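Structure first, commentary second.
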Amino acid sequence: MNRFRPWTKNLNSKFKSTTSKIQSSLSSSSSSSSSSSSSSSSSSSSSSSSSSSSSSSSSSSSSSSTSLSSASSSSSSSSSSSLSSASSSSKAQDPSTSASFLPNAPPLLASSQKIDRKNKTYNKFPSTNDAPLDVYSIIQNRLLISFLSKTKCELCEKQWDGSVQMNKREGLFVILSFQCSYCKNIIVLNSSPQVPGSKQHDINIRTQIAGHLTGIRHAGLKRISAALNIPPPIEEGRHNKKDRHLLESIKLCATDSMRNAIKQAVSTAKSSDLTVSGDGTWQTRGFASKHGAAALIANGPSPKVVDIDTFSKTCNVCAGASSLLQIGTSESRSKYDQIIKNHQCGKNFDQSSGNMEAVCTLRMFERSETKYGVRYLKYVGDGDSKTFSLLLKKKPYKGVKIEKIEDINHFGKRLKRALKTVKSQCGGMKLSDGKTIGGKGRLTGNVKEET
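Numbering (the UniProt record's numbering), first residue to last: 1 to 451.
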């Protein structure tokens, strides 16, 4: 998000200028009446010079060059020079802004101080690079026509007046053509660049990835497009077909990211013996899920995922091909055998779903030396005894015992549950001091959810 922050620089400057003027007016009100009248006269002269500068700016804009690009550059340069001259004139004539006039000026307002801090944090780019060129802006076509009508045609040099047509649409990618009504000159505009080495367009790839990252997939993307009044994504059939190619690219990026995370962890720890934390997840609640996954994260100043693994108890291809066996013909049986032989089966787990996390974690430990050349000798767990018990039993690193570190969040939750159990079972029992375990100054049922 930091790349969008420089766009707020101009707005922040306006807020800063406004707060400065408020401070100046407050300070001027406490000074003598003569100084006040002098300030007002200089303010009026500043206003007149500003209006004259703006009029010269408009005349300069009307007499700009005939081509589209030169007209835009001339108008912007003349207006910016007029504004800067008006601003410098206003500062020179307003005595309330000079340091000698206000030697004991009040400190900046809280809002101004906040803006200054944000400027130092986010506005690290030069003013000429405030608008990143590789981002997308949603522009209504009507506003696009309105903008073009203020420019001149590059061929006939008349003020542009024409029509806009959509030559092609593929998902969110469109090709627009702008035709001048005088000379019939046509300018073609592509709304998104083409991905190098493919026929896909950048905006469609990003949209497809966004659907997976947010979990809304193709159906959700269609609803969002309808709400924003923008073209819908590519049709679902092509969307699913491209998913298979997109998955391979994402896997490559994930592999590179995890290798870089290992290098960073080794550099931080100054050792190839690392401390990692792990956890698992299932597609559905409980231990009846058909799919599960686990991940390991390297502990450090910037924890990052270093390895992942998934388990599945079903295979969609096998399940679909099994319907051929119900036909009962030799031809269907032959086709079934061919499908089973040629496909890569997605089923890789046949134990209970509750063991998925433990087995996944063990596999990642066992391949750490061959995959990355590191060992995970300290494991931060969530209290699941199955995972650590399996690591101690299988001993992925011969002759080396893995040390477990309790996760404080899960430890606090277990402690809370244990205290609640004691409170409910022994609430009326008196202790050695003659008081019950509960009550004022004792164990209560209200435990703050801070863990």
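Positions of the beta carbon are idealized from the N, C-alpha and C atoms, including for glycine. In this text, all values refer to a predicted model and were calculated from it rather than measured experimentally.
Compare the Cα-Cα distances from residue i to each of the options and report the closest residue.
{"i": "R142", "options": "L155, E157, S163", "result": "S163"}
{"i": "R417", "options": "G439, L431, L443", "result": "L443"}
{"i": "G237", "options": "N342, T314, Q208", "result": "Q208"}
{"i": "K395", "options": "R367, Y372, K241", "result": "R367"}
{"i": "S137", "options": "C183, G197, I230, V188", "result": "I230"}
{"i": "residue 457", "options": "F287, C183, S249", "result": "The question about residue 457 has no answer, for the chain in this structure spans 1 to 451."}
{"i": "G320", "options": "D309, S332, T310", "result": "S332"}
{"i": "N348", "options": "S389, G373, Q200, K290", "result": "K290"}
{"i": "I408", "options": "S277, S322, V306", "result": "S277"}
{"i": "A265", "options": "C153, T214, P301", "result": "P301"}
{"i": "T281", "options": "K401, S385, D309, I224", "result": "D309"}
{"i": "C315", "options": "D273, D350, C180", "result": "D350"}
{"i": "D307", "options": "K222, K341, Y372", "result": "Y372"}
{"i": "N342", "options": "C318, G354, I327", "result": "C318"}
By the three-class DSSP mapping on this structure, what secondary structure does residue i have?
{"i": "Y397", "result": "coil"}
{"i": "residue 452", "result": "Because the chain in this structure spans residues 1 to 451, residue 452 falls outside the shown range and cannot be described."}
{"i": "D256", "result": "helix"}
{"i": "H343", "result": "coil"}
{"i": "N104", "result": "For N104, the predicted structure reports a pLDDT of 47, less than 50, and the residue's modelled location is therefore unreliable. A value from the coordinates is still provided. In the structure shown, N104 sits in coil (DSSP, three-state: anything other than H, G, I, E or B)."}
{"i": "Y379", "result": "strand"}
{"i": "E170", "result": "strand"}
{"i": "I297", "result": "strand"}
{"i": "S76", "result": "In this prediction, S76 has a pLDDT of 40, which is less than 50 and means its spatial position is unreliable; what the coordinates show is noted afterwards. S76: helix per DSSP, three-state reduction."}
{"i": "E403", "result": "strand"}
{"i": "L133", "result": "coil"}
{"i": "V317", "result": "helix"}
{"i": "K251", "result": "helix"}
{"i": "L443", "result": "strand"}
{"i": "S28", "result": "For S28, the predicted model reports a pLDDT of 47, less than 50, meaning its position is unreliable; a value from the coordinates is still stated below. Looking at S28 - three-state DSSP - the assignment turns out to be helix."}
{"i": "Q264", "result": "helix"}
{"i": "L325", "result": "helix"}
{"i": "T284", "result": "coil"}
{"i": "G438", "result": "strand"}
{"i": "K335", "result": "helix"}
{"i": "residue 457", "result": "Outside the modelled stretch of the chain, which goes from 1 to 451, sits residue 457, for which no answer is possible."}
{"i": "Q425", "result": "helix"}
{"i": "Q208", "result": "helix"}
Quick check: the Cα distance between residue i and residue j, rounded to an integer number of angstroms?
{"i": "N190", "j": "Q283", "result": "41 Å"}
{"i": "R217", "j": "K335", "result": "32 Å"}
{"i": "H410", "j": "Q338", "result": "49 Å"}
{"i": "D134", "j": "I205", "result": "14 Å"}
{"i": "K404", "j": "G381", "result": "7 Å"}
{"i": "L228", "j": "G197", "result": "31 Å"}
{"i": "P303", "j": "A210", "result": "24 Å"}
{"i": "L415", "j": "R285", "result": "23 Å"}
{"i": "V188", "j": "L252", "result": "36 Å"}
{"i": "T66", "j": "R259", "result": "Its pLDDT being 35, under 50, T66 is placed unreliably by the model, and the measurement read from it follows with that caveat. Near 55 Å, if we compare the C-alpha coordinates of R259 and T66."}
{"i": "I203", "j": "I234", "result": "11 Å"}
{"i": "N240", "j": "L391", "result": "39 Å"}
{"i": "L144", "j": "M364", "result": "54 Å"}
{"i": "C180", "j": "C153", "result": "7 Å"}
From the DSSP secondary-structure annotation, give me the bridge partner or partners of residue i.
{"i": "V164", "result": "F178"}
{"i": "H291", "result": "S312"}
{"i": "I187", "result": "F178"}
{"i": "D433", "result": "Beta-bridge pairing links D433 to no other residue."}
{"i": "residue 531", "result": "No statement about residue 531 is possible, as the shown extent of the chain runs from 1 to 451 and does not include it."}
{"i": "D350", "result": "Looking at the DSSP assignment, D350 forms no beta bridge with any residue, so it has no partner."}
Give a single yes or no on whether residue i has its beta carbon closer than 7 Å to a heavy atom of the ligand HEM.
{"i": "S137", "result": "As far as ligands go, the structure on display features none, and thus does not contain the ligand HEM."}
Handout entry: Segment contact, 8 Å Cβ cut-off, at least three pairs: the region 292-300 with the region 349-369
Key = The answer is yes - the region 349-369 touches the region 292-300, with three or more Cβ pairs under 8 Å.
Practice task
Count the CB pairs spanning the region 146-154 and the region 168-175 that are closer than 8 Å, and state whether there are at least three.
Solution key: No, the region 146-154 does not touch the region 168-175.
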